[in-house]
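Residue numbers (this note's numbering): 267 to 485.
Even glycine gets a Cβ: it sits at the ideal position worked out from N, Cα and C.
Only a predicted model underlies this, so the values are computations on that prediction, with no experimental measurement involved.
Remarks on the structure that follows.
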Ligand code: DX5
Ligand code: ZN
């Protein structure tokens, strides 16, 4: 189904899918109109959970945009593995133990896009110095670690603050929100200034996935 293009992208988080057939689930999401596939990487250290790593991503066949979200303590050590495993964009956290500038450099040197993320309680100021150096900022709208959590709306003013600041320093900056996105929260995020919405449980559990993509994009 063709959806009128309002510039909003949907990144489908595989954390919400049936992992026993992740490749098919990714294809299902893309056919339903999702733009990107979001691969959530957790190391049991930065967050308590462990999800999957580069070999999992590599096993996802198909020519689609892989949006890798590293929730790991040392993202700098992972860049080469994920770049070799097909990432088109790698996003890592300001709260990690890696040097931010250096890690952005490693991602760009691998020829792919870089994203920088903040957890719900990290102020927007943590990413403002880097807005002109990355392609995307990810504002977490839940505590990283688990899918299926409730949206934290106190994070929205940060989206607006980053969007306003980016108008001056990087007008083409993408702002992604991740966690608890559904038809009620998507419009709030879009109004605040987000243009890439990650959706896991809501999307993969939807009765009609195409309709859900359309609803989320419309805002
Ligand atoms: C949370 C992950 C999110 C999350 C999204 O740590 O980064 O990508 O799985 O899932 P839902 O849409 O279910 O909140
Ligand atoms: Zn994520």
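Worksheet entry | Contact set for residue 399: own chain, Cβ-Cβ below 6 Å, skip 5 residues either direction | 370
Worksheet item: Within the present structure, is the beta-carbon of residue 412 separated from the nearest heavy atom of the ligand DX5 by less than 7 Å?
Response: yes
Practice prompt. Note down, one range per segment and in chain order, each alpha helix (DSSP H) of at least 4 residues found wholly within the region 325-365.
Written response: 345-350
Worksheet item: Less than 7 Å between the CB of residue 359 and some heavy atom of the ligand DX5, yes or no?
Response: no
Fill in: Complete runs of the alpha helix (DSSP H) confined to the region 448-483 [at least 4 residues]
If we require 4 residues or more, the alpha helix (DSSP H) runs fully inside the region 448-483 come out as 452-458 and 467-470.
Discussion item. Tell me the DSSP secondary structure of residue 271 in three-state form.
Written reply: coil
Discussion item. DSSP has residue 383 in a bridge; who is on the other side?
Written reply: 359 and 404
Discussion item. Distance check for residue 363 and residue 481, CA to CA, integer angstroms please.
Written reply: 38 Å
Worksheet item: DSSP state of residue 284, grouped into three classes?
Response: coil
Worksheet entry | Cβ-heavy atom distance, residue 476 to the ligand ZN, below 7 Å | no
Worksheet item: For residue 316, which residues from the same chain have a beta carbon less than 8 Å from its beta carbon, with the 5 sequence-adjacent residues on both sides left out?
Response: 308, 309 and 310
Practice prompt. Would you kindly work out how many angstroms separate the C-alpha atoms of residue 415 and residue 293, rounded to a whole number?
Written response: 24 Å
Worksheet entry | Proximity winner among 420, 366 and 407, relative to residue 395 (alpha-carbon distances) | 366
Discussion item. In this structure, how does DSSP classify residue 278 when only helix, strand and coil are distinguished?
Written reply: strand
Discussion item. Quick check: does the Cβ of residue 415 come within less than 7 Å of any heavy atom belonging to the ligand DX5?
Written reply: yes
Worksheet item: For the ligand DX5, any of its heavy atoms closer than 7 Å to the Cβ of residue 466?
Response: yes
Worksheet item: Skipping 5 residues on each side, what residues in its chain have a beta carbon closer than 8 Å to that of residue 268?
Response: Because residue 268 carries a pLDDT of 49, less than 50, the predicted location of this residue cannot be relied on, and the following value inherits that uncertainty. Closer than 8 Å at Cβ, skipping near neighbours: no residue.
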